[in-house]
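In the UniProt record's numbering, the protein residues as written are 1 to 717. Don't be surprised by glycine CBs; every beta carbon is placed ideally from N, CA and C. All values derive from a computational prediction rather than experimental measurement. The structure under discussion appears below in the form of structure tokens.
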């Protein structure tokens, strides 16, 4: 880069980067040819010894020599270059270079001494530079993680691993061409965002393709590498241009160093294929898309989050996490299991009977499920004569229903606990989810009124304690009926956890930050669901799952002392003194001083608001509000449309959550992935809501979900 002027640097960077690609291609060819790791290393490394000749063939950086005060050597190199290029340098230019070098050397020495302590202080003191550093570091981490991750995982894509690796390397060549064209024509930021989006969409699309579509998978994989290669080329130039000259190299080195954390993690991503074949690509795609969001805007809004808000948000987020644990637990406590009839045949079933013994196909009919043969759970062939030599001759082929069962694996759910087997009892398993949501329906109908009467904080704590007690009681249920009673009481008494925590969180910030606040706090619901899957995977016992999920929530009793009541609710109730104390405590925690004028205005406003709301309560009863809605041609259609939207969204959301355990080979990883996909969804919500509005975001999300679900229905098993 230092061999050419500023105008030629993009082109020079493109050309020199191309040879990195050529090196990768040669490596793939050498590996395909030798297929012996010792020979590969020797063949790759021994020719590098010829580079000792570079000591005599290549020249030192002129710029570096000038900064070190070695002006004579710098002049000699320039004269040699001029002679080779048949250019004559005027004498005054040589003198200028020598003089500039001496000054530059002194300047650099002073800057180094000054910068030893001041570089990062200078960054931390500037909000603009600090945001640029955070943005750049995140970009570097993501790009190196995805770039090296795709290179490493290229050998796992269907087909020949050597040709795959070579093709993934060669796709970098057109990427560098596009980088060169786009950088100066459409700018750095647009090129970086577009390439990350292309890589993210390609990787995520790859993850959802059937494994037998090798060609389409390879194309998407190549597009992912194509996009991230452009991003890698852009981020080098872009980062250097974001910082002033005296900080440029140190910040570029810092971002590159932080980015290498991604390349350190990348070699471990092939291990994820053990749990889900396309999990690495799903992770690469998610990271690429996350990097395109506007972090500057988020950081601007986070400036409104002081220490007081941050502490309370973490506590409220834990409440949301527990709400997810409570609501999702029934998916595993009432989960279905594989089972078959117990065969009381001499020399066959005994105390150590297995689910799939070698003789089973002669005793039980099999059927196709997800392209696999599995034993019929509730039917068996009728025994004819046990005295015959073989099991095949002992059975005839008439069927009769089973009375006792052998279960696959050690997992225990209420199905195994109370033998809720076969089609006659299947409704009892699905009824658990229905009863749970009936409890939520009942709870939601009253929790708003209770919250407005006793306060958000009290509602949250009481709901948490009652839900915890009902969950623990359910873990000791001695019959299906008792289990069902506590399954109903849990959400009926605990629905206030989610709503109260969300309202408290929203009322902690101003209107400008509420979309971001809601995005952050609801993200913990997805984390809670993923944690539910991990707990169920670890314990595989429905009683222990409930106890581990519910017992820690008793710690939330401490919220009585840790979190404040809603200031807005206190003001509407005329409890101005308490509201003032909370605001003063928040200001002190955040290091902010409130003027007396603001405090006086708040007291006056609270008095007016309390009086206004009292009048509203007397003059505008609930029946009048409902009548007003039905009388309005505008409000009534809005009410009908909103109800239809809510019904559809709740039906599909919880339907997909419950049925996620039926997709894929491992129900736990499927459920966890189904929960974690909500995190990028919340990020997309934040971006779309502010940029495209509510209606467009809602319609686009529903169309995407509808097309995806419909397409899934027509895919082969």
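Reduced DSSP category for residue 212 - H, G, I as helix; E, B as strand; rest coil: Reading the chain shown from its first residue, position 212 is the one you call residue 212. Coil at residue 212, not helix or strand.
Alpha-carbon spacing of residue 680 relative to residue 55, whole angstroms: As a working note, residue 680 is residue 680 in the chain shown. As a working note, residue 55 is residue 55 in the chain shown. CA-to-CA, the gap between residue 680 and residue 55 works out to about 51 angstroms.
Local Cβ density within 10 Å of residue 545, reported as buried at 16 or more and exposed below that: Within the chain shown, residue 545 is the residue found at index 545, counting from 1. Buried: at least 16 other Cβ atoms inside 10 Å.
Residues near residue 463 by beta carbon distance below 8 angstroms, same chain, minus five either side: Taking the first residue of the chain shown as 1, we reach residue 463 at position 463. The residues are 447, 493, 494, 495, 496, 497 and 500.
Extent of the continuous alpha helix (DSSP H) to which residue 452 belongs: Here residue 452 refers to the residue found at position 452 when the chain shown is read from its first residue. Looking at the DSSP string, the run of the alpha helix (DSSP H) that includes residue 452 is 422-454.
Stretch pair the stretch 278-292 + the stretch 160-172: three plus CB contacts closer than 8 angstroms: Taking 8 angstroms as the limit for Cβ pairs, the verdict is that the stretch 160-172 does not touch the stretch 278-292.
Residue 192 burial status per 10 Å Cβ neighbour count (16 or more: buried): The residue given as residue 192 occupies position 192 in the chain shown. Looking at its Cβ environment, which holds 16 or more other Cβ atoms inside 10 Å, residue 192 is buried.
Residues near residue 618 in its chain [Cβ-Cβ closer than 6 angstroms; skip 5 each side]: For the purposes of this step, residue 618 is identified with residue 618 of the chain shown, where counting begins at 1. Note that residue 618 scores a pLDDT of 47, beneath 50, so its modelled location is shaky and nothing firm can be said.
Per-residue burial, residue 60 [other beta carbons within 10 Å of its own, 16 or more giving buried]: Here the question's residue 60 lines up with position 60 in the chain shown. Flag for residue 60 reads exposed.
Residue 66 to residue 74 span [Cα, whole Å]: Residue 66 sits at position 66 when you count from the first residue of the chain shown. Residue 74 sits at position 74 when you count from the first residue of the chain shown. C-alpha separation (whole angstroms): 7 angstroms.
Residue 47 vs residue 152 beta-carbon contact at 8 angstroms: In the chain shown, residue 47 corresponds to position 47, counting from 1. In the chain shown, residue 152 corresponds to position 152, counting from 1. Taking 8 angstroms as the cut-off, the Cβ atoms of residue 47 and residue 152 do not count as close.
For residue 373, three-class secondary structure by DSSP: Within the chain shown, numbered from 1, the residue matching residue 373 stands at position 373. Taken through DSSP and simplified to helix, strand or coil, residue 373 comes out as strand.
C-beta atoms of residue 288 and residue 196 nearer than 8 angstroms: Position 288 of the chain shown, counted from the first residue, corresponds to residue 288. Position 196 of the chain shown, counted from the first residue, corresponds to residue 196. The answer is yes: Cβ separation under 8 angstroms.
Cβ pair residue 334, residue 432 closer than 8 angstroms: Translated into the one-based positions of the chain shown, residue 334 becomes position 334. Translated into the one-based positions of the chain shown, residue 432 becomes position 432. Going by C-beta atoms, residue 334 is nearer than 8 angstroms to residue 432.
Beta-carbon proximity of residue 549 to residue 535, cut-off 8 angstroms: Start at 1 with the first residue of the chain shown, and residue 549 comes out as number 549. Start at 1 with the first residue of the chain shown, and residue 535 comes out as number 535. A contact, by the Cβ cut-off of 8 angstroms.
Neighbourhood of residue 393 by C-beta distance below 7 angstroms, restricted to the same chain and skipping five residues each side: For the purposes of this step, residue 393 is taken as residue 393 along the chain shown, with counting starting at 1. Reliability fails at residue 393, whose pLDDT of 46 lies under 50, so the model's placement of it is uncertain and no value is given.
Residue 206 vs residue 281 beta-carbon contact at 8 angstroms: Looking up residue 206 in the chain shown gives position 206. Looking up residue 281 in the chain shown gives position 281. For residue 206 and residue 281, yes; Cβs fall inside 8 angstroms.
The stretch 459-476 in contact with the stretch 556-568 per 3-pair CB rule at 8 angstroms: Contact check between the stretch 459-476 and the stretch 556-568: three or more CB pairs, one atom from each, fall below 8 angstroms, which counts as touching.
CB of residue 457 within 8 angstroms of CB of residue 504, strictly: Mapped onto the chain shown, residue 457 falls at position 457. Mapped onto the chain shown, residue 504 falls at position 504. A contact, by the Cβ cut-off of 8 angstroms.
Own chain residues within Cβ distance below 6 angstroms of residue 537, not counting five before or after: Position 537 of the chain shown, counted from the first residue, corresponds to residue 537. Within the same chain, 668 come within 6 angstroms of residue 537 by CB-CB distance, once the 5 residues on both sides are set aside.
Span separating the alpha-carbon of residue 76 from that of residue 306: One-based indexing of the chain shown puts residue 76 at position 76. One-based indexing of the chain shown puts residue 306 at position 306. Distance between the alpha carbons of residue 76 and residue 306: 59 angstroms.
Spatial distance of residue 168 from residue 26 (CA atoms): The residue given as residue 168 occupies position 168 in the chain shown. The residue given as residue 26 occupies position 26 in the chain shown. Going by the C-alpha atoms only, they are around 12 angstroms apart.
Identity of the residue in 479, 315 and 438 nearest residue 415 by Cα: The residue labelled residue 415 in the question sits at position 415 within the chain shown. Ranking 479, 315 and 438 by Cα distance to residue 415 puts 479 first.
Cα-Cα separation, residue 84 to residue 72: Numbered from 1 along the chain shown, position 84 holds the residue referred to as residue 84. Numbered from 1 along the chain shown, position 72 holds the residue referred to as residue 72. Pairing residue 84 with residue 72, the inter-Cα distance amounts to about 18 angstroms.
Opposing strand residues paired with residue 541 [DSSP bridges]: Here residue 541 is taken as the residue at index 541 of the chain shown, counted from 1. Residue 541 pairs with 412.
Simplified DSSP assignment, three categories, for residue 244: Position 244 of the chain shown holds residue 244. Here residue 244 carries a coil assignment [DSSP, helix/strand/coil].
Cβ-based burial, residue 461 [other Cβ within 10 Å; buried from 16]: Taking the first residue of the chain shown as position 1, residue 461 is located at position 461. Counting Cβ neighbours within 10 Å, residue 461 comes out buried, since at least 16 surround it.
Minimum C-alpha distance to residue 186 - residue among 234, 423, 45 and 126: As a working mapping, residue 186 is identified with position 186 in the chain shown. Ranked by Cα distance from residue 186, the first of 234, 423, 45 and 126 is 234.
Proximity of residue 435 and residue 507 at Cβ, strictly below 8 angstroms: The residue labelled residue 435 in the question sits at position 435 within the chain shown. The residue labelled residue 507 in the question sits at position 507 within the chain shown. For the pair residue 435 and residue 507, the CB atoms are not nearer than the 8 angstroms cut-off.
Among 670, 711, 515 and 529, the one whose alpha carbon lies nearest that of residue 689: Numbered from 1 along the chain shown, position 689 holds the residue referred to as residue 689. That would be 515, whose Cα lies nearest to the Cα of residue 689.
Beta carbon of residue 262 nearer than 8 angstroms to that of residue 165: As a position in the chain shown, residue 262 is number 262, starting the count at 1. As a position in the chain shown, residue 165 is number 165, starting the count at 1. Not a contact, by the Cβ cut-off of 8 angstroms.
CA-to-CA distance, residue 671 to residue 155, given in whole angstroms: For this step, residue 155 is matched to residue 155 along the chain shown. For this step, residue 671 is matched to residue 671 along the chain shown. Cα atoms of residue 155 and residue 671: separation of roughly 28 angstroms, rounded to the nearest angstrom.
C-beta atoms of residue 677 and residue 331 nearer than 8 angstroms: If you number the chain shown from 1, residue 677 lands on position 677. If you number the chain shown from 1, residue 331 lands on position 331. By the CB criterion at 8 angstroms, residue 677 and residue 331 fall outside the cutoff.
First and last residue of the uninterrupted alpha helix (DSSP H) at residue 166: In the chain shown, counting from the first residue as 1, residue 166 sits at position 166. Residues 161-170.
Nonlocal neighbours in the same chain, by C-beta distance under 8 angstroms from residue 88, ignoring five residues either side: One-based indexing of the chain shown puts residue 88 at position 88. Closer than 8 angstroms at Cβ, skipping near neighbours: 82.
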